[in-house]
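Before any comments, here is the structure.
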Amino acid sequence: MKNILDQLKTECPFPEVFQDTERVEGSFIDVPRRKIGHIRADHDNYRWWSTVWPCHSELVTPAITMEIDQVYDALTANDALADFETLVQFCHAHPEARVRPTEEQEYNFYLEGTFFNYWIRLITRWRDYNMYLNAFSKG
């Protein structure tokens with residue numbers, strides 16, 4: 033049976049999301065207008081710890097929240113990125129996902145969900161935030 037890692041893409045299938053941006057309150061950089069928010073997570077060799085950072089919360093519905101939670105749970109499941117070492121192995125198996133060709137610690141992956149598109153930044157530095165799960169409205 034396939035897990036969520038098999039669905040991740042290394043080329044962004046929704047580049048238009050990053051072209052329509054605005055400055056939102058509390059941010060010093062422009063963010064995509066379709067960004068709902070992101071989950072920032074790190075693994076401490078015991079478990080995943082995460083924090084939700086909302087953005088454009090007026091776009092959020094219970095169904096949307098459920099999808100984001102399901103994607104995060106699938107990414108951090110035992111058959112996916114169960115721990116830090118598994119995350120590192122997965123990233124190193126996909127050098128084409130590097131942020132820059134010479135960068136060996138940051139990787140970009142993309143997922144098309146039902147309600148959202150997701151940009152997943154994985155970081156292989158120990159004691160850093162290891163995952164940013166960014167969610168963008170499709171419409």
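All the letters of the sequence shown, read from the start, carry residue numbers 33 to 171 under the numbering used here.
For each residue, glycine too, the CB sits at the ideal point set by N, CA and C.
Quiz prompt | Rounded separation between Glu-140 and Glu-128 - CA only | solution = Here residue 140 is Asn; the residue named in the question, Glu, does not match the sequence. Roughly 9 Å between the two C-alpha positions.
Quiz item: Relative to the alpha-carbon of His-126, which residue among Lys-34, Leu-40, Asn-35 has its alpha-carbon at the smallest distance?
Solution: Taking each of Lys-34, Leu-40, Asn-35 in turn and checking the Cα distance to His-126, the smallest one comes out for Leu-40.
Quiz item: Does DSSP classify Tyr-104 as helix, strand or coil?
Solution: Tyr-104 sits in a helix when the DSSP states are folded into three classes.
Quiz prompt | Pro-86 versus Ile-68: straight-line alpha-carbon distance, rounded | solution = Distance between the alpha carbons of Pro-86 and Ile-68 is about 6 Å.
Quiz prompt | Buried/exposed call for Val-103, threshold 16 Cβ in 10 Å | solution = Val-103 should be labelled buried.
Practice problem: Following the continuous alpha helix (DSSP H) through Glu-136, name the residue where it begins and the one where it ends. | Solution: Careful: Glu-136 lies outside any alpha helix (DSSP H) and carries neither H nor E.
Quiz item: Straight-line CA distance for Ala-114 to Asp-160?
Solution: Between Ala-114 and Asp-160, the C-alpha separation is close to 16 Å.
Quiz item: Which stretch, first to last residue, makes up the alpha helix (DSSP H) that contains Leu-154?
Solution: Note, Leu-154: premise wrong, no alpha helix (DSSP H); beta strand (DSSP E) at 148 to 155.
Self-check item: Environment of Tyr-142 [buried if 16+ CB atoms lie within 10 Å]
Solution: So Tyr-142 ends up on the buried side.
Quiz item: If we count the other Cβ atoms within 10 Å of its Cβ and call it buried at 16 or more, is Tyr-150 buried or exposed?
Solution: By the neighbour-count rule (16 or more Cβ atoms within 10 Å), Tyr-150 is buried.
Quiz item: If you check the beta carbons only, do Arg-153 and Tyr-164 fall under 8 Å apart?
Solution: In this structure, Tyr-164 lies closer than 8 Å to Arg-153 by Cβ.
Exercise. Measure the CB-CB distance between Ile-100 and Ala-167 and report whether it falls below 8 Å.
Key: Contact check for Ile-100 against Ala-167 passes: the beta carbons are separated by less than 8 Å.
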